[in-house]
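Some notes on the structure that comes next.
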Amino acid sequence: MKPKMIWANMAVADLERTQKFYTELGFKSNNPHSSNELVSFFMAGNEFIMHFFLKSVIENNLKSMKFGDPKSSNEIIFTLSAESKNQVDDWAEEVKNAGGTIVSEPESFGENYYGFVFADPDGHKFNVFFM
């Protein structure tokens, strides 16, 4: 199997809040794929797309799948690669300013690893890492 591309679909409660949060973090909107049911962003150039669907829409479209509450359980954690420790710290401030929650403050892990975990307003968790 050799897919043309890959993207993620996440369930959210509020599209306007999601649009505002990821726009404030500087992610590029994938406008042709945004609608009154989802907002979409390029997460790393044009290499990875993440769609944020209203929870009711994605559960209806996927029929037998139900999405848990990301505030109390994990679905998946994406890692965003930073270019330096300073960038990790800057991103932590950007997340706070945009209304996200820092789950674990920036810290070192061994000699060559530095990062933090944050949650978006719906509770989806992301790992920011420099190594």
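Numbering (the working numbering), first residue to last: 32 to 162. Glycine included, each C-beta is placed from N, C-alpha and C at the ideal position.
Original post:
Closest by CA to PHE160, which one among ASN92, PHE98, SER60 and GLY141?
Top reply: GLY141
**OP:** Scan the segment 106-142 and note each continuous beta strand (DSSP E) run of 3 residues or more that stays entirely inside, going in chain order.
**Re:** Taking only runs of at least 3 residues, the beta strand (DSSP E) segments lying wholly in the segment 106-142 are 109-112 and 132-140.
Subject >> Contact set for LEU46: own chain, Cβ-Cβ below 6 Å, skip 5 residues either direction >> reply: Leaving aside the five residues that flank LEU46 on each side, the residues in its chain whose CB is nearer than 6 Å to its CB run, in chain order, VAL70.
**OP:** State the start and end residues of the unbroken beta strand (DSSP E) segment that holds PHE160.
**Re:** Looking at the DSSP string, the run of the beta strand (DSSP E) that includes PHE160 is 156-161.
Subject >> Proximity of LYS97 and VAL43 at Cβ, strictly below 8 Å >> reply: no
Original post:
With distances taken between CB atoms, is the gap from THR54 to ASP153 smaller than 8 Å?
Top reply: no
Original post:
So is GLY146 buried or exposed if we call it buried at 16+ other beta carbons inside 10 Å?
Top reply: buried
Original post:
Of the choices ALA129, ALA150 and HIS64, whose alpha-carbon is the least far from that of ILE108?
Top reply: ALA150
Original post:
How many angstroms separate the CA atom of HIS155 from the CA atom of ALA39?
Top reply: 12 Å
Original post:
So what's LEU56 in DSSP terms, helix, strand or just coil?
Top reply: coil
**OP:** List the DSSP bridge partners of SER71.
**Re:** Under DSSP, SER71 forms a beta bridge with HIS82.
Original post:
So, are the CB atoms of ILE80 and ASN62 less than 8 Å apart?
Top reply: Not a contact, by the Cβ cut-off of 8 Å.
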